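Note that the protein sequences, when read in sequence, are chains A, B, C and D. Mind the numbering: the first sequence is residues 7 to 71 in our numbering, read in order. Mind the numbering: the second sequence is residues 3 to 236 in our numbering, read in order. Mind the numbering: the third sequence is residues 31 to 237 in our numbering, read in order. Mind the numbering: the fourth sequence is residues 387 to 605 in our numbering, read in order. Beta carbons are placed, not taken as given, at the ideal position from N, Cα and C, and that holds for glycine. Source: prediction; values computed, not measured.
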Amino acid sequence: MGNSVSLYLLSVLGLLFQPETKEVGQNIYVVLAVTLIVWLGVFFFLLYLDRQLKQVKDKIDWENE
Amino acid sequence: MNPRKYGLEESVWTLLVKSNIIFQKDFHLEFRTRYAINAIILFAVISLTAVSFSVGPIQLEPPIQSAMLWVIIFFSAMSGLSHIFVREEEQQTSDTLRLVAPPTAIFLGKWGFNVVLLFSLEIIIIPLYIALLNVEVQGMSAFLLIIVLGSVGLASIGTIMAAIVAQASTRGALFAVLSFPLSIPVLRSAIQGTWTAIQGGGVAQCLADIQLLFSFTVVILTSSILLFEFIWRK
Amino acid sequence: MIRIEARDLQKQFNDRLIFSHINFTLQSGESLAITGPNGSGKTTLVRIVSGLLSPSGGAIVYHIDGRTYRPVEVYPLIGLVGPYLQLYLNLTAWENLVFFSKIRGLTVDKSRLRRLMAHFGLAGRELDLLKTFSSGMLQRMKYVVALIHQPEVLLVDEPTSNLDEEGSETVYQLLDEQQQNKILIVATNEPEEIRFGRKRVDVAGQE
Amino acid sequence: MRRDWWKWFLGIWMTLMILGAFLYTPVAKGLGETTRVLYFHVPAAWVATLSFLISAVYSIRYLQKQQIQYDVWAASSAQIGFIFTILATVTGSIWAKEIWHSYWNWDPRETSIFVLLLIYAAYFALRSAIEDTNQKARLAAVYSILAFVTVPFLVFVIPRIYDSLHPDPLINPEVKIKMDPRMLRVFLGSLFGFTLLFYWMLRIKTDIEFLKLKLTKRM
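Here it is in structure tokens:
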């Protein structure tokens, strides 16, 4: 489920990211794109950690019973 | 068998008396071994000569002179202030002490020792500093007041950090690493105050720094007294 | 009347369980022998009872005239002799005794201190630095220091370590006196010392 | 999926904040495009201070109750706080390069965040110097509280005495925010997002630590 959402978001970004005319305006989108990528990277990494943690937690609880 | 007979109730007065006894014991021990006093004074003299040697004939500006003085005092303190607690742990006398005296008395006694240690350092190093770096102190009264307040502040932080470091296994530079961040407010105000005092500022001009130094020391001392028991009791 | 009560004492260092489920009660006039092989936690238990170390689980409580205290609150009642307790080697014997008397809030009773030192065969060595003492003499000195304030509770970890025949004799006599109307706790493996404990606690067997 | 709704909400929320920061908000006078750093640098510094406060609070609770889980919370909060302190310091110095053309000139606000960095470094140096977990927890707790007691002297007192280069047109000393409403909306949103992110990272860290404790059955 998570992966499809991120794909969708990235594609929207792609549309947005048309070659701009003005030199200066274009820079801000670069920064925006970088920031978004960093954020999405962090976000999905945390989700990945969260899921792994859940598996380990269930495994331990299962073993401790 | 009422508890009072056993001295179970500690009044503030008995605490002060006991901290004085501990202070005398440590002073006596130090007088015999002179380990801490040697470390601290030698370090100060070495760093001062290194500074004046490298500066050579150039006349330093007051802000640099002031910063130089406090750098020397701080790092000399770091070489000697931890000894008071580390020695007790290394010679296994700390448990004996735990059994005979209440923590607050121990902290106050050791704090007193460190304050006197720093003062004895300054008595030697400040005249040398004024001579070697050819410092003309116009506002002498403010200068001395700030030296005293700054030293008491450093001694307070140094004592509580020494108690922590004594419990850690790997000591080495840990004492300076722990003490430096907490000493920054003291160092910053002391340097600023000393600088104004050197340029002729009276107590009024350095009031902001004096107030900060004083209130910082009071805050650190009270929290140290409250927290020391948690460090001292295993 | 003093009563020491250990309730389900447990001690653990990081993941190593030293001992658990230790229970005993001791009243004035009773004595306890703590036995167990080397490194089984005898010393740890002694340190917990004396308040030098806090237990990981359970509690150690002192009942005095109906009121309860933690060990750290009753340190003036406790005397401890142990290999891990050193005296101030750079001070003379007398300076040590003066310090320990004063810090305990006692007046420096010269004659009594001198008698105590003589009793433990240290007569005439009052003004010598402790670092010049042999290990046997240091052990005797520890007894002198532990007895300055006539402790209600005397804990001894390996009573006769480093002591010669004559020294051990003095110590056994002291242990006898202590258990008449006060509390004595001895941690040892020596068979003839275990007899000093009417009650027994074996630290190893507490799994 | 039900339990984790707030995580997905955070994901979308922060994405909106980032978009808002770059597309929606105007620029402050004199700072030009660099104002946009505000929405990330200040929340990072806020989280750094917040985590320090949480660490100190749990340290106090550990000293009172002597239960290991409080130490776990204190240490984990400090660890996450350390990351954000580094972030705040770096973003701050990049911003300083842009505006005052120097990465570091010991402006009082820079000094304060840097001291926080030193305190965290000392805190972890202390923790690694002690083996016994109880002793480590106890001494680390004491240091964290003492450090916390000195923070007011660092953060509030020192910047006030000396003139500060820090751009105060947005947040002046009385912390009255004179910002354009749109900027304010995105700033507060980002602040909330960062705090939620901090909480999430903290939860993951503490869950891991508690599992480790459970493995060694010391809980």
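Within the DSSP bridge table, the entry for Val231/C names Ile64/C as partners. Under the criterion of beta carbons closer than 8 Å, Ile90/C and Pro101/C qualify as touching, at roughly 6 Å. Linking Ile39/B to Phe87/B through their CA atoms gives a straight-line distance of about 14 Å. For Ile52/C, no alpha helix (DSSP H) run applies; the uninterrupted beta strand (DSSP E) run containing it begins and ends at Arg46 to Gln57, by DSSP. Excluding residues up to 5 positions away in sequence, Ile48, Phe49, Gly71, Thr74, Ile78, Pro85 and Ser86 lie with their Cβ nearer than 7 Å to the Cβ of Lys41/C in the same chain. What Glu517/D touches in chain C, judged by beta-carbon distance under 8 Å, is Asn44, going in chain order.
The Cβ neighbour count for Tyr489/D, taken over all protein chains shown within 10 Å, is under 16; the residue is labelled exposed.
Looking at the backbone, the Cα of Thr218/C and that of Asp187/C are separated by about 7 Å. At a cut-off of 7 Å between beta-carbon atoms, Leu214/C makes no contact with chain B.
Nearest C-alpha to Asn53/C among Lys172/C, Leu62/C and Glu182/C: Leu62/C.
Comparing alpha carbon positions, the residue from Asp56/A, Ala39/A and Ile34/A closest to Arg389/D is Asp56/A. Here Asn136/B is exposed, its C-beta having fewer than 16 other C-beta atoms within 10 Å. Its chain contains Trp197, Ile200 and Gln201 as the residues whose beta carbon lies nearer than 6 Å to that of Pro64/B, once the 5 sequence neighbours on both sides are disregarded; these appear in chain order.
If you compare the alpha carbons of Ala464/D, Glu484/D, Trp391/D and Gly397/D with that of Leu504/D, the shortest gap goes to Ala464/D. Contact between the stretch 441-460 of chain D and the stretch 590-599 of chain D is established, with three or more Cβ pairs separated by less than 8 Å. Around the C-beta of Pro187/B, 16 or more other C-beta atoms lie within 10 Å, and the residue is accordingly described as buried.
Counting C-beta atoms within 10 angstroms of its own C-beta, Lys60/A has fewer than 16 neighbours from the protein chains shown and is therefore classed as exposed. For Gly59/C, none of the residues of chain B pass the 9 Å Cβ criterion, the least Cβ distance being about 14 Å. With 16 or more other Cβ atoms inside 10 Å of its own Cβ, Ala527/D counts as buried.
Put simply, the backbone Cα of Ser153/B is about 12 Å away from that of Phe77/B. At a beta-carbon threshold of 7 Å, the residues of chain A lying near Gly397/D are Phe49, ordered along the chain. Counted as a single uninterrupted DSSP element, the beta strand (DSSP E) harbouring Tyr99/C occupies residues Arg97 to Tyr99.
In terms of beta-carbon proximity, Ile34/A lines the interface with chain D, with at least one pair separated by less than 7 Å.
Contact with chain B is absent for Arg33/C, since none of that chain's Cβ atoms lies less than 7 Å from the residue's Cβ. Distance from the Cα of Leu209/B is smallest, within the candidate group Gln140/B, Ser21/B, Leu44/B and Leu147/B, for Leu147/B. Remark: C-beta atoms of Lys236/B and Leu83/C approach each other more closely than 7 Å. Between Val175/C and Phe130/C, the gap from beta carbon to beta carbon is short of 7 Å. With 16 or more other Cβ atoms from the protein chains shown falling within 10 Å of its own Cβ, Phe500/D counts as buried. Under the three-state reduction of DSSP output, Asp206/C falls in the helix class.
No Cβ-Cβ contact shorter than 7 Å links Leu449/D with Gln169/B.
As summarised for the stretch 190-230 of chain B, there are no continuous beta strand (DSSP E) elements at least 3 residues long confined to that stretch.
Assigned with DSSP and collapsed to three states, Glu35/C falls in strand.
Secondary structure note for Asp187/C: its beta strand (DSSP E) is the uninterrupted segment Val183 to Asp187. Of all residues in the stretch 114-143 of chain C, the ones placed with a Cβ closer than 8 Å to any Cβ belonging to chain B are Tyr114, Leu115, Gln116, Leu117, Tyr118, Leu119, Asn120, Leu121, Glu125, Phe129, Phe130, Lys132, Ile133, Arg134 and Gly135, in chain order. Cβ-Cβ separation between Leu223/B and Ser158/B: approximately 5 Å, consistent with a contact (criterion under 8 Å). Scanning chain B for C-beta atoms nearer than 9 Å to the C-beta of Ile108/C yields Leu101, reported in chain order.
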